[in-house]
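2 protein chains.
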Amino acid sequence: METPNAVAALAALAQDNRLDIFRLLVEAGPEGMAAGQVADKLGLAPNTLTFHFDRLRFAGLVTVRREGRSMIYAARFEAMNDLVSFLTENCCQGSQEKCAPAAICKPTGVRHEAVSRARRR
Amino acid sequence: METPNAVAALAALAQDNRLDIFRLLVEAGPEGMAAGQVADKLGLAPNTLTFHFDRLRFAGLVTVRREGRSMIYAARFEAMNDLVSFLTENCCQGSQEKCAPAAICKPTGVRHEAVSRARRR
DNA sequence: AAAACGTTTCCATATTCGTTGAAATATGGA
DNA sequence: TCCATATTTCAACGAATATGGAAACGTTTT
Numbered sequence: 245m246e247t248p249n250a251v252a253a254l255a256a257l258a259q260d261n262r263l264d265i266f267r268l269l270v271e272a273g274p275e276g277m278a279a280g281q282v283a284d285k286l287g288l289a290p291n292t293l294t295f296h297f298d299r300l301r302f303a304g305l306v307t308v309r310r311e312g313r314s315m316i317y318a319a320r321f322e323a324m325n326d327l328v329s330f331l332t333e334n335c336c337q338g339s340q341e342k343c344a345p346a347a348i349c350k351p352t353g354v355r356h357e358a359v360s361r362a363r364r365r
Numbered sequence: 245m246e247t248p249n250a251v252a253a254l255a256a257l258a259q260d261n262r263l264d265i266f267r268l269l270v271e272a273g274p275e276g277m278a279a280g281q282v283a284d285k286l287g288l289a290p291n292t293l294t295f296h297f298d299r300l301r302f303a304g305l306v307t308v309r310r311e312g313r314s315m316i317y318a319a320r321f322e323a324m325n326d327l328v329s330f331l332t333e334n335c336c337q338g339s340q341e342k343c344a345p346a347a348i349c350k351p352t353g354v355r356h357e358a359v360s361r362a363r364r365r
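If you're matching them up, the sequences are chains B and H in order. 245 is the number of the first residue of the first sequence in the working numbering; add one for each residue after it. 245 is the number of the first residue of the second sequence in the working numbering; add one for each residue after it.
Following this line, the structure appears as structure tokens:
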């Protein structure tokens with residue numbers, strides 16, 4: 245992954261609502277999730293949601309497709325993987341032993357924590 | 245790593261100059277690097293640099309110590325590692341096979357690419 | 001065709017961000 | 001003490017960001 249794309253991806257995820265959105269899409273899996281469902285789950289206004297989807301899409305983290313009158317958004321796992329690789333490489337330069345050890349390689353099992361704090365506003 | 249810290253770290257790295265700064269510090273290793281050296285290498289004004297250092301420090305990605313009249317900044321590898329773990333966990337929920345495979349675990353060897361585009365302005 | 005539904009576009013607003021120039025602060029040396 | 005060096009603080013600015021309301025758009029149902 246090239247630096248500008250990495251910056252774009254980081255910026256896209258560096259916002260509470262967008263990170264929540266992305267998490268939800270990751271949880272939803274490759275089939276994705278309708279915009280309206282995301283709006284309901286997270287308590288976001290539809291236009292605000294569109295704004296954030298645009299950013300995620302521009303960063304290549306998400307894809308859209310139409311299905312009936314719904315827009316289905318889905319996480320691009322490949323992009324996320326690229327980002328993690330980018331960070332790992334740029335984190336471990338010159339001191340591989342200090343960073344990204346076995347910890348991140350062990351399958352940790354599905355973790356939850358978020359998504360229970362929806363309907364904030 | 246808790247979500248708000250992750251967002252802070254992502255935001256801190258989601259900016260060209262700051263990402264370059266952090267990379268430079270990673271390259272410099274645990275002993276760190278004087279603010280002035282970073283300014284020289286990247287061609288940034290000292291006050292601008294202070295601004296970015298503050299953000300990196302606030303996000304826990306960097307530490308400072310005084311040494312003579314220089315301020316030595318150093319990357320906090322632990323924080324970076326936490327961030328990568330956070331992303332990996334939040335990326336792979338429900339579909340471990342799709343994301344963060346062996347690729348990121350293989351030591352890829354030291355990569356360069358940046359730092360040669362300094363003195364932009 | 002009309003109405004309902006799901007989403008996006010447009011416009012406005014308050015806030016945050018990145019950068020700059022000038023002045024202030026802290027340390028070390030003559 | 002006076003001066004140079006290294007960095008931070010302060011005030012200001014334009015640009016980008018996040019959000020909201022109202023209207024428009026495309027699709028399905030009737």
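Backbone N, C-alpha and C define an ideal beta-carbon position, used for all residues, glycine too. Since the structure is predicted, the reported quantities are computational estimates derived from the model, not experimental observations.
Note to self: Please report the straight-line C-alpha distance between residue 308/B and residue 282/B, rounded to a whole angstrom.
What the structure shows: Here residue 308/B refers to the residue found at position 64 when the first sequence is read from its first residue. Here residue 282/B refers to the residue found at position 38 when the first sequence is read from its first residue. The straight-line gap from Cα to Cα measures roughly 13 Å.
Checklist line | Chain-ordered chain H contacts of residue 302/B [CB-CB under 8 Å] | finding: Here residue 302/B is taken as the residue at index 58 of the first sequence, counted from 1. Neighbours of residue 302/B on chain H: none; closest Cβ ~13 Å, over 8 Å.
Notebook entry, point to check: If we ignore side chains and look at the alpha-carbon of each, how far apart do residue 256/H and residue 299/H end up?
Noted result: Position 12 of the second sequence, counted from the start, is the residue given in the question as residue 256/H. Position 55 of the second sequence, counted from the start, is the residue given in the question as residue 299/H. Approximately 6 Å, taken between the alpha carbons.
Checklist line | Contacts of residue 258/H in chain B (Cβ-Cβ under 7 Å) | finding: Taking the first residue of the second sequence as position 1, residue 258/H is located at position 14. Here the neighbours are 251, 254, 255, 258.
Next item on the list: Please report the residue range of the beta strand (DSSP E) in which residue 299/H lies.
Entry: Translated into positions along the second sequence, residue 299/H becomes position 55. Run containing residue 299/H: none in the beta strand (DSSP E); it sits in the alpha helix (DSSP H), 290–302.
Margin query: If you follow the alpha helix (DSSP H) that residue 311/B is in, where does it begin and where does it stop?
Written below: Stepping through the first sequence from its first residue, residue 311/B is reached at position 67. Residue 311/B -> not in any alpha helix (DSSP H); beta strand (DSSP E) instead, spanning 306–311.
Notebook entry, point to check: Does any residue of chain H bring its CB to less than 7 Å from the CB of residue 306/B?
Noted result: The sequence position of residue 306/B within the first sequence is 62, counting from 1. Interface with chain H (7 Å Cβ-Cβ cutoff): residue 306/B is excluded.
Margin query: At the 7 Å Cβ level, is residue 292/H part of the contact set with chain B, yes or no?
Written below: Looking up residue 292/H in the second sequence gives position 48. Not a single C-beta of chain B is nearer than 7 Å to the C-beta of residue 292/H.
Notebook entry, point to check: Going along chain B in order, which residues have a C-beta closer than 7 Å to the C-beta of residue 334/H?
Noted result: Here residue 334/H refers to the residue found at position 90 when the second sequence is read from its first residue. What residue 334/H touches in chain B: 267, 270.
Note to self: Only counting the same chain, and skipping five residues up and downstream in sequence, which positions put a Cβ closer than 7 Å to that of residue 284/B?
What the structure shows: Residue numbering aside, residue 284/B sits at position 40 when the first sequence is read from its first letter. Cβ neighbours of residue 284/B beyond the five flanking positions: none.
Margin query: Assuming the contact rule is C-beta atoms closer than 8 Å, residue 258/H and residue 254/B should be a hit. Round their C-beta distance to whole Å, please.
Written below: Locating residue 258/H in the second sequence gives position 14, counting from the first residue. Locating residue 254/B in the first sequence gives position 10, counting from the first residue. Between residue 254/B and residue 258/H the Cβ distance is about 4 Å, and since that is below 8 Å, they are a contact.
Item checked: residue 320/B versus residue 279/B - alpha carbon distance -> Taking the first residue of the first sequence as position 1, residue 320/B is located at position 76. Taking the first residue of the first sequence as position 1, residue 279/B is located at position 35. Between residue 320/B and residue 279/B, the C-alpha separation is close to 16 Å.
Notebook entry, point to check: What does residue 314/H pair with, by DSSP beta-bridge criteria?
Noted result: Counted from its first residue, the second sequence places residue 314/H at position 70. Under DSSP, residue 314/H shares a beta bridge with 311/H.
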